[in-house]
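Since the structure comes first, as structure tokens, the remarks are kept for the end.
Numbering (our numbering), first residue to last: 6 to 92.
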């Protein structure tokens with residue numbers, strides 16, 4: 006990605022582009038990114054796990070889903086090509 010560290014976008018962009026606020030951003034927000042303006046990144050150690058846990062789009066709820074379903078099925082459906090990084 007050509008950057009020294011990974012971070013979230015400023016709060017106003019998170020709301021505008023993904024419809025979420027800081028602390029509630031989720032991979033499922035990719036459904037709202039029709040123009041693919043957001044680069045999704047996964048740490049390679051996260052991809053090695055069977056299960057993936059993330060926010061449900063709120064700051065109080067969470068979801069658990071198979072990592073392979075997110076990486077192969079869901080992101081393919083949303084037409085996002087995630088970057089694999091090592092944090």
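From the three backbone atoms N, C-alpha and C, an ideal C-beta is built for every residue, glycine too.
Only a predicted model underlies this, so the values are computations on that prediction, with no experimental measurement involved.
Name the one or two DSSP bridge partners that residue i has.
i, result
"residue 48", "90"
"residue 60", "67"
Is residue i helix, strand or coil when you go by DSSP?
i, result
"residue 27", "coil"
"residue 71", "strand"
"residue 85", "coil"
"residue 78", "helix"
"residue 13", "coil"
"residue 35", "helix"
Relative to the C-alpha of residue i, which residue among the options is closest?
i, options, result
"residue 72", "51, 38, 15 and 90", "51"
"residue 29", "38, 82, 16 and 44", "16"
"residue 90", "48, 53, 82 and 79", "48"
"residue 56", "63, 62 and 76", "76"
With a threshold of 8 Å between beta carbons, is residue i in contact with chain D?
i, result
"residue 61", "Absence of chain D from the displayed structure is noted, only one protein chain being present."
Can you list, in chain order, the residues of its chain with a C-beta nearer than 6 Å to that of residue i? Leave out the 5 residues immediately preceding and following it.
i, result
"residue 34", "23 and 25"
Leaving out five residues before and five after residue i in sequence, what residues of the same chain have Cβ atoms less than 8 Å from its Cβ?
i, result
"residue 54", "72"
"residue 67", "58, 59, 60 and 61"
By Cβ distance, which residues of its chain are closer than 7 Å to residue i, with the 5 residues on each side in sequence left out?
i, result
"residue 42", "22"
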